[in-house]
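Residue numbers (this note's numbering): 200 to 586.
Where is the CB? At the ideal position from N, CA and C, for every residue including glycine.
Shown next, in structure tokens, is the structure this report addresses.
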């Protein structure tokens, strides 16, 4: 039986003349995928949030924390609202008897956390760009007031594309009467109001964030490539200056301190680049998982195929890959996570060692003694900053 589509739409956006062709087998497959999704995604993102919150958080840490929280809440919200609907469909019942508030909020809440996730990745890309390419401008948003504004905007702007629709306002959702499901699925003949919402959604949630993210990481790539030889030459020059000072026996302490300062600066830069690489991998994984869904959504809007709902929900399952992969990528590339695991493994061997700990000191000419223990502690403090 073919679906019958009627161009007319009620003023509220409630569409009752659409057939989904969604089968109980489709519902069962989605339930299985969602169960795996929530079992991995929710605990994984909770672990990321835990490791990030263990230290005094800076701007990037706060945004990564929000990214993990929104990812985890997206997992939970999707499972809590979509899984029961799929269970009813699998049992042969309609998920919702009408275009009810529960039907609309069941889509709006996961959509909200998904948009928070996208905006958070955009802010992280911009901050990585400023930290590596334009560090002189980073201080403008690193102040407490700037961080607060970014956090508030990150959580409030997505409400524009989810709350009015949940309240049966701008845009609304398409209601499929045969299975009783509300969906973020639109067609070109549904009217100007829905068309305005759909294109704003595509522009401000998909196109602009994706462009900003891609541009930011491309600029970071160019900066890293151009500065690689400058960094090498700078380090060689500092080493040569120290060697000359040691030979002449003059200004030795000043040269060593200047080289140490340069080395710490390079370490900070390496941490920024390492974090940028991690976030870039996450963004690429996220975009790859969402490209099929976005393309199918656009195709459905103009072509209105008979199996539009089936196509969109099948590719919705593909998007879960990005949300599951995010915490795995973070934890694998996190030095703090690796050190925590190694610390637990080595705690037994440390307890076996006996005798008081000794501290070796090195006296620099014209300067106070420097303990190797202090240097080790300082290096460990820097290592905890790595992600």
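In the three-state reduction of the DSSP assignment, residue 374 falls in the strand class. Going by C-alpha positions, residue 420 is about 40 Å away from residue 228.
A distance of 7 Å or more separates the beta carbons of residue 217 and residue 306. One alpha carbon belongs to residue 302, the other to residue 232, and they sit about 21 Å apart. Nearest Cα to residue 359 within the set 326, 318, 340: 318. Excluding five sequence positions before and after residue 472, the CB atoms of its chain that fall closer than 7 Å to its own CB belong to 331, 423, given in chain order. Here residue 311 has 357, 361 as same chain residues with Cβ atoms under 6 Å from its own Cβ, once five neighbours each way along the sequence are excluded.
For residue 382, the three-state secondary structure derived from DSSP is strand.
When only Cα atoms are considered, residue 524 and residue 370 end up about 32 Å apart. With fewer than 16 other CB atoms across the displayed protein chains lying within 10 angstroms of its CB, residue 494 is exposed.
Where residue 262 is concerned, the enclosing alpha helix (DSSP H) starts and stops at 258 to 289. The region 297 to 331 is shown to contain whole alpha helix (DSSP H) runs of 4 or more residues at 300 to 331, in chain order. Secondary structure at residue 342: coil, using DSSP grouped into helix, strand and coil.
In the three-state scheme derived from DSSP, where H, G and I count as helix and E and B as strand, residue 389 is classed as coil. Residue environment for residue 291: exposed (fewer than 16 other C-beta atoms within 10 angstroms of its C-beta). Residue 484 sits in a helix when the DSSP states are folded into three classes.
Here residue 378 is buried: its Cβ has 16 or more other Cβ atoms, across all protein chains shown, within 10 Å. By the CB criterion at 7 Å, residue 496 and residue 520 fall outside the cutoff.
The Cβ atoms of residue 289 and residue 223 sit closer than 7 Å to each other. When the alpha-carbon of residue 385 is set against those of 526, 499, 261, 219, the nearest one is in 499. If you draw a 10 Å sphere on the C-beta of residue 425, you find fewer than 16 other C-beta atoms in it, and that means exposed. Cβ contact annotation for residue 397 (same chain, cutoff 6 Å, sequence separation greater than five): 385, in chain order. The residue from 295, 265, 326, 347 with its alpha-carbon nearest to that of residue 313 is 265. Fewer than three Cβ pairs drawn from the region 503 to 523 and the region 256 to 265 lie within less than 8 Å of each other, which leaves the two stretches out of contact.
Burial state of residue 406 is exposed, judged by a 10 Å Cβ sphere holding fewer than 16 other Cβ atoms. Around the Cβ of residue 502, a 10 Å sphere holds fewer than 16 other Cβ atoms; the residue is exposed. In the structure shown, residue 337 adopts helical secondary structure according to DSSP, grouped into three states.
Excluding its 5 nearest sequence neighbours in each direction, residue 411 has C-beta neighbours in its own chain below 8 Å: 321, 324, 325, listed in chain order. In terms of Cα proximity to residue 515, the closest of 486, 527, 528 is 486.
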